[in-house]
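Shown next, in structure tokens, is the structure this report addresses.
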Amino acid sequence: MGKNFWLVKSEPEVYSIDSLEKDMETPWEGVRNYQARNFMRDSMCVGDKVLFYHSNADPTGVAGVATVSSPPIPDETQFNKKSEYFDPKATPQKPNWICVKIAFKEKFKTIITLAEIKSNKALKDMVLVQPGSRLSVQPVTQKQFETILGMARRK
DNA sequence: GCCAACGTTGGC
DNA sequence: GCCAACGTTGGC
Numbered sequence: 109m110g111k112n113f114w115l116v117k118s119e120p121e122v123y124s125i126d127s128l129e130k131d132m133e134t135p136w137e138g139v140r141n142y143q144a145r146n147f148m149r150d151s152m153c154v155g156d157k158v159l160f161y162h163s164n165a166d167p168t169g170v171a172g173v174a175t176v177s178s179p180p181i182p183d184e185t186q187f188n189k190k191s192e193y194f195d196p197k198a199t200p201q202k203p204n205w206i207c208v209k210i211a212f213k214e215k216f217k218t219i220i221t222l223a224e225i226k227s228n229k230a231l232k233d234m235v236l237v238q239p240g241s242r243l244s245v246q247p248v249t250q251k252q253f254e255t256i257l258g259m260a261r262r263k
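Residues in the first sequence are numbered consecutively from 109, following our numbering.
Below, the structure written as structure tokens:
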């Protein structure tokens, strides 16, 4: 339990690390990519550590840390006709989209920017910096996670 | 706002 | 099952 490490992306104008700090916990809804869903459904465990990344932001980068705080649960937005994430093919008996809840852990004093991540050789294998990679939920290694944390502590 | 890269959809 | 067209992501 709690031995995997992840990175999730969010546009801060939609949901930022400050939003999570205020809510303390939130279902990670609205992911509509099968690979990302499969990570949440099949591989995430309660207690896993999560880097919270701000995309389409100024600056873009890792803004803080969260933890996985629930087992996989159906993403409720797929049943809501009014939601932009509504999926007419999904039913409560046969949900198509699965998510987990994440809980606030910490907000970094400053963002660890994408530029800083790219210039750190220890992080060159991160999924985040692979050309063309757009996964919004992605695995990171323990070492990558600790490297980012170290950069945040040092600033 | 632009645009490259990727994922999904749908005709055949 | 192929693949062109379209939509989305996300850095810049």
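The beta-carbon is built from N, C-alpha and C at its ideal position, and this holds for glycine as well. No experiment lies behind these values; they were computed from the predicted model shown.
* CA-CA distance, Asn-112 and Asn-188? -> 31 Å
**OP:** Could you check what DSSP says for Val-235 in three-state terms: helix, strand or coil?
**Re:** helix
Quick one, which of Arg-149, Glu-254, Ser-163 and Glu-121 has its alpha-carbon nearest Ser-241's?
-> Ser-163
Helix, strand or coil for Gln-246? Go by DSSP, reduced to three states.
strand
| message | Which of the three DSSP states is assigned to Thr-168 in this structure? | response | coil
_Sequence-distant residues of its chain with Cβ nearer than 8 Å to Val-139 (five each side left out)_ = Arg-145, Met-148, Asp-183, Trp-205, Cys-207, Ser-244 and Val-245
Met-152 and Ala-211: beta carbons closer than 8 Å?
-> no
Can you give me the C-alpha to C-alpha distance between Thr-221 and Leu-115, rounded to a whole angstrom? 14 Å
For this session: Identify every run of the alpha helix (DSSP H) within the segment 119-174, keeping only runs that are complete inside it and at least 4 residues long; order them along the chain.
Result: 125-131 and 142-146
Consult DSSP for Ala-211 and reduce its assignment to one of helix, strand or coil. strand
Only counting the same chain, and skipping five residues up and downstream in sequence, which positions put a Cβ closer than 8 Å to that of Gln-252? Phe-113, Ala-230, Leu-231, Asp-233 and Met-234
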